[in-house]
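Encoded as structure tokens, the structure appears first; notes follow it.
Number of protein chains: 2
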Amino acid sequence: MTYREDVKLFKALADQNRLQIIELLHDGEKCACVLLEELNIAQPTLSHHMKILVDAELVNYRKEGKWMHYSLRDDAKDYILKSLEKFI
Amino acid sequence: MTYREDVKLFKALADQNRLQIIELLHDGEKCACVLLEELNIAQPTLSHHMKILVDAELVNYRKEGKWMHYSLRDDAKDYILKSLEKFI
DNA sequence: TTTACATATTGACAACTATCGATATGTTTT
DNA sequence: AAAACATATCGATAGTTGTCAATATGTAAA
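Chains as they are written, first to last, in the numbering used here: chain U, 2 to 89; chain S, 2 to 89.
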């Protein structure tokens, strides 16, 4: 039994900025530009974090013109819980 | 709001070997020597991982003579869940 | 009181990660 | 078509992490 996907998920959660992003997205979909305003990081850094969250399948994106809208997957908590339950 | 403790917890979960250790401890308390037999890592590496799990308060230890016995905290799942619920 | 054993610590190293300036890409506006 | 804007990618760098050999520490057995 290997846990590659679960490790990826917990790695995505193992960063202060990303936890804050998840909290911000909890209210609903947000534009990257809005996230950028709320966080104290440079634009390439935000882009980097969003990629990690999307790769972990925690966050969805929707492109609209020149804006990127990110949203937490609706069953995010269950998704993490299901991962947890594999070994705990 | 900062998430220092939560990041520490998720970092502890963000490693293949440590997830496997947690799975092994799910059966109940185990001696370090037993864990060492089940995992394909060197003894200092196990010691390192156990320290991270103990620091994250996911795992308790009990010293008995020259043996160290490690066990998962009984409310481990709730403990993680409570952390999750801070931002999700 | 040696010797053997279980675990922790140290030191070194390679791999990974977060960060940001510079730049590229793609879109809208003028 | 040019300028302005939003986001992604690249390249570099500092800091962190996983790993193990060597060694230290502490305990039990001979």
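Even glycine gets a Cβ: it sits at the ideal position worked out from N, Cα and C.
Beta-carbon neighbours of residue i, restricted to chain U and to distances below 8 Å
i     : result
Y4(S) : Q17, L20, Q21
Listed by chain order, chain S residues near residue i by CB distance under 9 Å
i      : result
K78(U) : L82, L85, E86, I89
Range covered by the alpha helix (DSSP H) that runs through residue i
i      : result
Y80(S) : 77-85
H70(S) : No alpha helix (DSSP H) contains H70(S), which is instead part of the beta strand (DSSP E) from 68-73.
E90(S) : With chain S covering 2 to 89 only, the question about residue 90(S) has no answer from this structure.
L1(U)  : Residue 1(U) is absent from the model: chain U starts at 2 and stops at 89.
L20(U) : 17-26
Residue i Cβ short of 8 Å to the ligand HEM heavy atom set
i      : result
N61(U) : Here there are no bound small molecules, and the ligand HEM is not part of this structure.
Amino acids of chain U, ordered along the chain, whose beta-carbon sits closer than 7 Å to that of residue i
i      : result
D7(S)  : L20
E24(S) : F88
Residue environment, residue i, which counts as buried when at least 16 other CB atoms sit within 10 Å
i      : result
H50(U) : buried
D75(U) : exposed
D56(S) : exposed
S84(U) : buried
D79(U) : exposed
D28(S) : exposed
K52(S) : exposed
K64(S) : exposed
K31(S) : buried
Chain-ordered chain S contacts of residue i [CB-CB under 8 Å]
i      : result
E38(U) : Under the 8 Å cutoff, chain S gives no residues; its nearest Cβ is about 17 Å from E38(U).
H27(U) : F88, I89
Bounding residues of the beta strand (DSSP E) (the contiguous stretch that carries residue i)
i      : result
N61(U) : 60-65
Interface residues of chain S facing residue i [CB-CB closer than 7 Å]
i      : result
L14(U) : F11
Residue i - partner residues in DSSP beta bridges
i      : result
K31(S) : Y71(S)
(request) Count the C-beta pairs between the stretch 7-19 of chain U and the stretch 11-19 of chain S that are closer than 8 Å, then say yes if the count reaches three, no if not. (result) yes
(message) Under 8 Å, with one C-beta from each stretch per pair, do the stretch 34-41 of chain S and the stretch 29-40 of chain U reach the 3-pair mark?
(response) no
(request) Determine contact between the stretch 20-30 of chain S and the stretch 63-71 of chain U, defined as no fewer than three beta-carbon pairs at a distance below 8 Å. (result) no
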